[in-house]
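Taking it in order: structure first as structure tokens, then the write-up.
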Amino acid sequence: MFAGTWNVAGVAPPDDLDLEDWLDAKANSYDIYVVGLQEIVPLNARNVLGPTKSSAAMKWNSLIGDALNMSTGRRRDGEEEAQAQRLHGQQRFRFVVSEQMVGIFVSVWARSGLRRHVRHAAASCVGAGVLGRLGNKGAVTVRFLLHGTSFCFVCCHLASGGKDGDAQLRNADAADILARTTFRRPATAPPAEELPRKILDHDRVVLLGDLNYRIAMDDGEARLLVQAKKWSMLLENDELLPELSDGGCFDGWREGLVTFSPTYKYHLNSDAFCWRVDGGDKQQPRRAPAWCDRILWRGKGLRQVRYDRCGGYRISDHRPVRAVFHAVCEVAGGDVQRSTPALA
1 MFAGTWNVAG VAPPDDLDLE DWLDAKANSY DIYVVGLQEI VPLNARNVLG
51 PTKSSAAMKW NSLIGDALNM STGRRRDGEE EAQAQRLHGQ QRFRFVVSEQ
101 MVGIFVSVWA RSGLRRHVRH AAASCVGAGV LGRLGNKGAV TVRFLLHGTS
151 FCFVCCHLAS GGKDGDAQLR NADAADILAR TTFRRPATAP PAEELPRKIL
201 DHDRVVLLGD LNYRIAMDDG EARLLVQAKK WSMLLENDEL LPELSDGGCF
251 DGWREGLVTF SPTYKYHLNS DAFCWRVDGG DKQQPRRAPA WCDRILWRGK
301 GLRQVRYDRC GGYRISDHRP VRAVFHAVCE VAGGDVQRST PALA
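Right under this line is the structure:
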């Protein structure tokens with residue numbers, strides 16, 4: 001399974017944006033794709049208080065579908081396109097479900113031959129922004145059953161900020177999302193079939209998104225480490241790591257080894273880190289580069305085989321991150337099926 005997260009900074013995607021590299025679509029190795037985005041619209045009052053759906057969600061779904069089904073003839077020559085269609089058919093992947101809450105968006109796709117085994121797909125939204133309820137922050141959670149195994153993917157955008165106490169706000173957001181997210185029982189479900197209602201009731205759970213955890217160290221020291229590209233030393237001061245230990249906010253969750261460079265904050269259309277933000281009349285506090293964009297998981301039957309960032313996308317001040325999992329599914333009769341890697 002493939003899981004990916006990217007904060008796109010409210011930037012409308014250009015028509016020629018090619019997601020094939022990030023989604024590793026040419027590998028043709030994954031059965032399920034779960035793509036989570038944050039800030040697909042600017043987080044202004046009009047979008048936060050206005051309609052919940054937008055054309056931006058349709059545009060991103062279209063770009064994802066184009067990449068997965070290789071329907072991007074404008075980006076490949078005719079012979080290559082024809083060969084791809086002969087090998088994979090007109091539609092290698094079929095849409096399962098998507099959901100948007102203000103800027104948070106999730107889209108799920110399944111390999112065509114597997115789609116009929118995906119059941120009870122549903123979404124649930126929890127706002128944790130202004131007044132603790134509005135959708136500028138929070139999570140969009142999707143769930144489905146694959147054969148007899150329940151999967152749940154939580155796409156988060158937690159509280160921002162690098163001041164003292166901001167990490168505790170992020171912890172509170174995460175706890176609130178896990179507590180308040182529920183799924184209604186679908187009317188089509190057989191009476192005897194038990195379906196999970198809460199996030200942690202599911203067999204396999206992946207939490208991804210702009211978790212916004214920062215680097216807790218002196219700015220001068222951080223700058224020296226960044227200039228020397230000593231990422232492991234910088235990561236030792238990451239706010240999220242203690243929360244993954246016993247007694248932390250994410251106790252019981254797992255994260256793969258972070259071996260990639262920070263995912264935030266970059267100048268737009270550049271690989272240069274942005275250390276200071278222009279706030280108009282006054283400069284905002286410096287913010288050291290950080291690994292804001294993360295992918296966590298919990299539950300037996302998930303084995304992560306890849307965890308990295310994709311550096312070729314510069315339209316945002318964040319860089320996209322992806323993870324690949326081998327997932328074990330129960331099928332009828334108690335048999336076990338191991339899926340090929342999926343990117344989430």
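Residues 1 to 344 (the UniProt record's numbering) are what the sequence shown spells out, left to right.
Here a beta-carbon is modelled for each residue, glycine too, at the ideal position from N, C-alpha and C.
Predicted, not measured: the structure shown is a model, and the values here were computed from it.
(request) Say whether chain D places a C-beta atom closer than 8 Å to the C-beta of D15. (result) The structure shown contains no chain D; it holds only a single protein chain.
(request) Quick one: grab the DSSP three-state call for L37. (result) Position 37 of the sequence shown, counting from 1, holds the residue named residue 37. In the structure shown, L37 falls within a strand segment according to DSSP collapsed to helix, strand and coil.
(request) Could you pull the start and end residues of the alpha helix (DSSP H) that N7 belongs to? (result) Within the sequence shown, the letter at position 7 stands for residue 7. In the DSSP assignment, N7 falls outside any alpha helix (DSSP H) and lies within the beta strand (DSSP E) extending over F2 to N7.
(message) Comparing C-alpha positions only, which one of P190, C274, R306 and S112 sits nearest to F260?
(response) Within the sequence shown, numbered from 1, the residue matching residue 260 stands at position 260. Of the listed residues, the one whose Cα sits closest to F260 is R306.
(message) I'd like the ranges of any beta strand (DSSP E) spanning at least 3 consecutive residues and lying wholly in the segment 169-244.
(response) 204-210
(message) Can you list, in chain order, the residues of its chain with a C-beta nearer than 7 Å to that of A9? Leave out the 5 residues immediately preceding and following it.
(response) Counting from 1 along the sequence shown, the entry for residue 9 is found at position 9. Result list for A9: E39, S316, D317 and H318, in chain order.
(message) What residue range does the alpha helix (DSSP H) around M101 cover?
(response) By one-based count along the sequence shown, residue 101 stands at place 101. Unbroken run through M101 is the beta strand (DSSP E), F93 to M101; no alpha helix (DSSP H).
(message) Here's a check: name, in chain order, each residue in its chain whose Cβ is nearer than 6 Å to the Cβ of T149, leaving out the five neighbours to either side.
(response) Start at 1 with the first residue of the sequence shown, and residue 149 comes out as number 149. Excluding its 5 nearest sequence neighbours in each direction, T149 has C-beta neighbours in its own chain below 6 Å: D203, C329 and E330, listed in chain order.
(request) Have a look at P289 and N212 and give me their C-alpha separation to the nearest angstrom. (result) Numbered from its first residue, the sequence shown carries residue 289 at position 289. Numbered from its first residue, the sequence shown carries residue 212 at position 212. Their backbone Cα atoms lie some 11 Å apart in a straight line.
(message) Whole angstroms are fine: how far does the CA of F2 sit from the CA of N208?
(response) Here the question's residue 208 lines up with position 208 in the sequence shown. Here the question's residue 2 lines up with position 2 in the sequence shown. Going by the sequence as given, residue 208 is Leu instead of Asn. Cα to Cα, L208 sits roughly 12 Å from F2.
(request) Return the CA-CA distance between A175 and C249, expressed in angstroms with no decimal places. (result) Walking along the sequence shown from the start, residue 175 turns up at place 175. Walking along the sequence shown from the start, residue 249 turns up at place 249. Whole-angstrom Cα-Cα distance: 7 Å.
(message) Out of A56, V34 and F93, which one is the CA nearest neighbour of N69?
(response) By one-based count along the sequence shown, residue 69 stands at place 69. Comparing Cα-Cα distances from N69 to each of A56, V34 and F93, the minimum goes to F93.
(message) Please tell me whether K265 and R294 are closer than 8 Å, where the distance is taken between their beta carbons.
(response) Here residue 265 is taken as the residue at index 265 of the sequence shown, counted from 1. Here residue 294 is taken as the residue at index 294 of the sequence shown, counted from 1. No, these two residues do not count as a Cβ contact at 8 Å.
(message) Taking the beta carbon of G103 as the centre, do at least 16 other beta carbons fall within 10 Å, making it buried, or is it exposed?
(response) Your numbering for residue 103 matches position 103 in the sequence shown. G103 comes out buried.
(message) Rounded to the nearest angstrom, what separates G189 and G138 at their Cα positions?
(response) Within the sequence shown, numbered from 1, the residue matching residue 189 stands at position 189. Within the sequence shown, numbered from 1, the residue matching residue 138 stands at position 138. Reading off the sequence, residue 189 comes out as Ala, not Gly. About 28 Å.
(request) Give every residue of the same chain whose Cβ lies closer than 7 Å to the Cβ of D173, excluding the five residues on either side of it in the sequence, and list them in chain order. (result) The count along the sequence shown starts at 1 and reaches residue 173 at position 173. Result list for D173: A128, K137, L158 and A159, in chain order.
(message) Given a cut-off of 8 Å on the beta-carbon distance, is the pair R170 and F183 in contact?
(response) Against the sequence shown, residue 170 aligns to sequence position 170. Against the sequence shown, residue 183 aligns to sequence position 183. Their beta carbons are not under 8 Å apart, which means R170 does not touch F183 by this criterion.
(message) For W291, tell me which candidate among D31, I215, E255 and C155 has the shortest Cα-Cα distance.
(response) Here residue 291 refers to the residue found at position 291 when the sequence shown is read from its first residue. The shortest C-alpha separation from W291 is found at I215.
(message) Please classify Q168 as buried or exposed, where buried requires at least 16 neighbouring CB atoms within 10 angstroms.
(response) As a working note, residue 168 is residue 168 in the sequence shown. Exposed is the call here.
(message) Beta-carbon within less than 7 Å of N7's beta-carbon, same chain only, minus the 5 sequence neighbours each way: which residues are those?
(response) Translated into the one-based positions of the sequence shown, residue 7 becomes position 7. Taken in chain order, the residues that qualify are Q38, E39, D210, D293, S316 and H318.
(message) Distance check for L145 and C152, CA to CA, integer angstroms please.
(response) The sequence position of residue 152 within the sequence shown is 152, counting from 1. The sequence position of residue 145 within the sequence shown is 145, counting from 1. The straight-line gap from Cα to Cα measures roughly 9 Å.
(message) Using CA atoms only, rank isn't needed, just tell me which of E194, G113 and R254 is closest to G299.
(response) As a first step, residue 299 is located in the sequence shown; it is residue number 299 there, counting from the start. Among E194, G113 and R254, the Cα nearest to that of G299 is on R254.
(request) Just mark L63 as buried or exposed, buried being the case when its beta carbon has 16 or more other beta carbons within 10 Å. (result) Here residue 63 is taken as the residue at index 63 of the sequence shown, counted from 1. Buried is the call here.
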